[in-house]
Amino acid sequence: MTSYDCIVVGTGPAGSMALKRLAEAGVRTLGLEKTPFPRRKTCAGALSGAAISLLPSGYQQLVQQRATQVDIHCLPGGQVNSFRFGEPIAHLIDRDQFDLFLQGEARRAGATIREGERVTAVETDLDGATVHSSGGTYHCQAVIGADGANSVVARSQGLRPPVAGLGLEVELDLSPRLRREFAGRIIIHYGEPPKGYGWAFGKGDHASFGVALLQSRPPDPRPYLEGFLERLGLPFPQDVPWRGHPIPLGGKKSPVKAYRVILAGDAAGLADPFTGEGIAYALGSGRLAADHVIRALQTGDFFFTDYAREVQDQIVGQLEIAGKMAKIFYLMPSLTVYCLQHQPWLIERYFQKVRGDLDYFQLLGEIRDQLSVFHLPEKQRQP
Ligand SMILES: Cc1cc2nc3c(=O)[nH]c(=O)nc-3n(C[C@H](O)[C@H](O)[C@H](O)COP(=O)(O)OP(=O)(O)OC[C@H]3O[C@@H](n4cnc5c(N)ncnc54)[C@H](O)[C@@H]3O)c2cc1C
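Residues in the sequence shown are numbered from 276 upward in steps of one, following our numbering.
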């Protein structure tokens with residue numbers, strides 16, 4: 276049986292980031308990926324500023340469009356609010372090339388990756404972990420489960436799967452007229468589906484259209500995607516596949532570790548319950564998971580208690596704030612957007628968060644500061 280220090284299951288953003296970090300630290304690492312790359316990944320492909328800040332250089336060539344405008348439609352009324360910004364609020368990529376790039380970075384750092392190998396089970400004991408895959412059986416000291424929302428690693432450890440909503444996406448070619456229409460801007464429809472939104476993200480000659488249902492036990496998303504395309508005046512695509520995938524609703528206390536096992540990214544339930552964004556949290560938790568494996572290999576402590584605490588402090592705490600925002604916002608999106616229009620500072624702060632200049636903790640702090648100006652007695656106000 277071949278033996279490694281660490282085996283990473285899945286080479287999406289979380290897995291590749293972990294592999295790169297481990298290989299750079301000289302850890303004997305194997306990545307197992309069930310689907311040969313490049314592979315189609317169901318995702319809108321919008322990178323936030325937080326995601327960008329975690330990427331190795333070289334990603335820039337993959338950005339097909341930078342959006343500096345967002346058009347927000349609120350249904351059923353249909354009023355449109357356009358917000359323009361001096362700097363990009365979203366960097367749009369295709370996931371097949373993006374994930375291939377990250378996987379290549381992990382290989383370049385020295386990680387061994389076997390593609391076309393599906394992991395079927397992980398067992399642990401005091402001597403290490405055994406990973407069974409469609410291609411063989413491996414032994415290692417620690418496993419990082421970066422195998423997405425339906426994580427086999429989590430299930431084989433008896434860990435509860437994250438609460439998840441659903442995204443349904445279709446990618447369509449754009450006519451020259453639509454290319455111009457979508458250039459530099461993204462379109463969001465709130466109100467249908469009720470707890471979620473429809474998106475149109477142009478990427479030059481093609482675009483991602485989809486609906487995100489950010490609720491547990493989501494209804495059938497197809498009528499919402501049909502309705503969304505119809506409102507955009509686009510023909511119903513007969514011959515193009517529609518693809519659905521779970522979106523973890525982060526911010527709840529999902530389990531992120533077991534003895535000798537760490538979960539990262541979607542496998543750990545780390546996606547934003549307000550927007551569905553998950554790439555930044557996958558990159559961040561993948562890197563953090565690698566750091567904790569490196570430490571465990573030095574100390575011999577494979578319980579990963581500190582990892583769970585740091586994920587809670589750095590990521591889950593932020594997603595809890597996002598969850599609270601989602602509860603308020605999705606109650607009545609049109610009213611919330613109307614109110615926001617009269618609070619430009621709040622819009623500006625929120626998009627500072629999207630650009631990566633603030634995180635949710637800082638955003639909440641800014642909101643509290645602004646509101647306290649109205650509520651605190653004169654002597655309690657800060658200069
Ligand atoms: C429709 C939709 C749109 C989205 N749009 C955005 C967006 O615009 N921006 C954003 O930031 N986030 C978006 N997300 C969320 C984002 O896609 C995820 O959060 C992100 O991909 C998580 O990365 P990951 O590495 O944890 O998991 P994944 O990207 O899912 O990667 C997991 C990898 O593990 C492999 N794998 C799975 N099981 C096994 C196994 N048993 N053995 C071996 N390999 C395995 C898979 O093949 C895959 O390559 C969207 C999600 C959906 C569903």
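Glycine is no exception: its CB is placed at the ideal position from the N, C-alpha and C atoms. Quick caveat: nothing in here was measured; it's all calculated off a predicted structure.
Residue i versus the options, residue with shortest Cα-Cα distance
i           : options               : result
residue 417 : 406, 641 and 423      : 406
residue 391 : 341, 293 and 308      : 308
residue 544 : 592, 576, 568 and 340 : 592
residue 280 : 573, 288 and 353      : 573
residue 446 : 514, 436 and 466      : 514
residue 374 : 633, 278 and 337      : 337
residue 327 : 301, 362, 293 and 366 : 366
residue 323 : 362, 310 and 301      : 362
residue 566 : 579, 312, 633 and 554 : 579
residue 596 : 460, 471 and 639      : 639
residue 403 : 485, 643, 354 and 276 : 276
residue 343 : 300, 457, 571 and 564 : 457
residue 466 : 448, 500, 455 and 555 : 500
residue 602 : 556, 471, 484 and 647 : 471
residue 345 : 460, 282 and 523      : 460
residue 512 : 582, 448 and 521      : 448
residue 568 : 298, 285, 288 and 278 : 298
residue 610 : 285, 531, 348 and 305 : 348
residue 555 : 538, 590 and 571      : 590
residue 368 : 378, 339, 380 and 282 : 339
residue 542 : 332, 372 and 427      : 427
Distance cut-off 7 Å: residue i Cβ against heavy atoms of ligand 1
i           : result
residue 316 : yes
residue 542 : yes
residue 740 : Not covered by the structure: residue 740. The range shown for the chain is 276 to 658.
residue 475 : no
residue 522 : yes
residue 297 : no
residue 630 : no
residue 489 : no
residue 422 : yes
residue 284 : yes
residue 382 : no
residue 444 : yes
residue 309 : yes
residue 659 : No statement about residue 659 is possible, as the shown extent of the chain runs from 276 to 658 and does not include it.
residue 394 : yes
residue 319 : yes
residue 546 : yes
residue 324 : no
residue 352 : no
residue 427 : yes
residue 565 : no
residue 439 : no
residue 290 : yes
residue 551 : yes
residue 482 : no
8 Å contact criterion, which residue i and residue j should meet: CB distance rounded
i           : j           : result
residue 273 : residue 546 : Outside the displayed range of the chain (276 to 658) lies residue 273, so it cannot be described from this structure.
residue 631 : residue 325 : 4 Å
residue 489 : residue 496 : Actually they do not touch by this definition, with Cβ atoms about 11 Å apart.
residue 432 : residue 533 : 4 Å
residue 615 : residue 622 : 6 Å
residue 293 : residue 561 : 4 Å
residue 521 : residue 424 : 4 Å
residue 454 : residue 485 : Residue 454 to residue 485, Cβ: 19 Å. No contact.
residue 295 : residue 370 : The pair is not a contact, with the Cβ atoms about 18 Å apart (cut-off 8 Å).
residue 440 : residue 491 : 7 Å
residue 419 : residue 564 : 5 Å
Per DSSP, cross-strand counterpart(s) of residue i
i           : result
residue 532 : 537
residue 523 : 439
residue 284 : 307 and 420
residue 405 : 398 and 414
residue 485 : 444 and 474
residue 617 : Beta-bridge pairing links residue 617 to no other residue.
residue 368 : Its beta-bridge partners do not exist; DSSP assigns none.
residue 348 : 355 and 464
residue 390 : 308
Min CB distance residue i to chain B below 8 Å
i           : result
residue 376 : Absence of chain B from the displayed structure is noted, only one protein chain being present.
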